[in-house]
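Per my numbering, the sequence shown starts with residue 287, numbered consecutively.
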Amino acid sequence: MKATLIKTDGPWLEAEIAIGTERFIVMDVFSPDDRPARPAGSEFYIELSVGMLNEEESWEFFFASNPEQKKCLEHLDGWRYRAYGEILSINPAVVDCGLLQVEDVFDFRDSRVIGEFVSFTIDRLDAR
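Printed below as a string of structure tokens:
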């Protein structure tokens with residue numbers, strides 16, 4: 287997807303990007319180590335991915351925490367986000383969160399969870 291660089295602290299550090307009208311704080315996995323950083327305002331293509339998931343949330347909370355059936359990422363702090371989405375498949379386990387599809391949040395084996403709306407915490411959102 288197309289993104290606009292707002293600012294970056296450098297490779298593997300915090301960066302702020304805009305995708306459409308939304309701004310995201312992410313880990314900069316897109317800046318090359320061996321070249322100068324892109325200038326602020328430059329446009330480029332990135333892929334959002336989960337760098338680290340919060341593994342302390344319960345199965346019950348995972349399934350009960352999205353009654354509004356949202357598909358989005360809500361900024362918490364730093365590069366942490368609350369992800370809201372719908373379970374698309376179980377093998378592999380995929381949750382559609384709008385701009386981002388996340389695999390293997392939980393180990394689903396029961397196809398009855400397909401179509402359920404869930405939420406979970408992303409401890410680090412990456413952009414590559």
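Quick reminder that beta carbons are idealized off the backbone N, C-alpha and C, glycines included.
As the structure is a computational prediction, the values presented were derived from the model and not from experiment.
*Helix, strand or coil for residue 316 per DSSP?*
It is coil, neither helix nor strand.
*Could you tell me if residue 287 is buried or exposed, where buried requires 16 or more neighbouring beta carbons within 10 angstroms of its beta carbon?*
With fewer than 16 Cβ atoms within 10 Å of its Cβ, residue 287 is classed as exposed.
*Identify every run of the beta strand (DSSP E) within the stretch 336-401, keeping only runs that are complete inside it and at least 3 residues long; order them along the chain.*
Taken in chain order, the complete beta strand (DSSP E) segments of 3 or more residues contained in the stretch 336-401 are 358-363, 366-376, 379-382 and 387-389.
_Taking 8 Å as the cut-off, does the stretch 331-341 touch the stretch 384-397 (at least 3 CB pairs, one atom from each stretch)?_
Enough Cβ pairs lie closer than 8 Å, so yes.
*Provide the residue(s) that pair with residue 413 in DSSP beta bridges, ordered along the chain.*
Note: residue 413 sits in a beta bridge opposite 314 and 334.
_residue 309, DSSP secondary structure in three states_ = The answer is strand: DSSP assigns residue 309 an E or B state.
*Given a threshold of 16 other Cβ atoms within 10 Å of its Cβ, counted over all protein chains shown, does residue 330 qualify as buried or as exposed?*
Residue 330 is exposed by the Cβ-count criterion.
*Between the Cα of residue 285 and the Cα atoms of 361, 408, 325 and 349, which residue gives the shortest distance?*
The first residue shown for the chain is 287 and the last is 414, placing residue 285 beyond what the model contains.
*Just the C-alpha distance for residue 391 and residue 322, rounded to the nearest angstrom, thanks.*
Roughly 35 Å separates the two Cα atoms.
*Opposite residue 291 in the DSSP bridges: which residues?*
In the DSSP output, where bridge partners are listed per residue, residue 291 has 303.
*Using three-state DSSP, classify residue 328 as helix, strand or coil.*
Three-state result, residue 328: coil.
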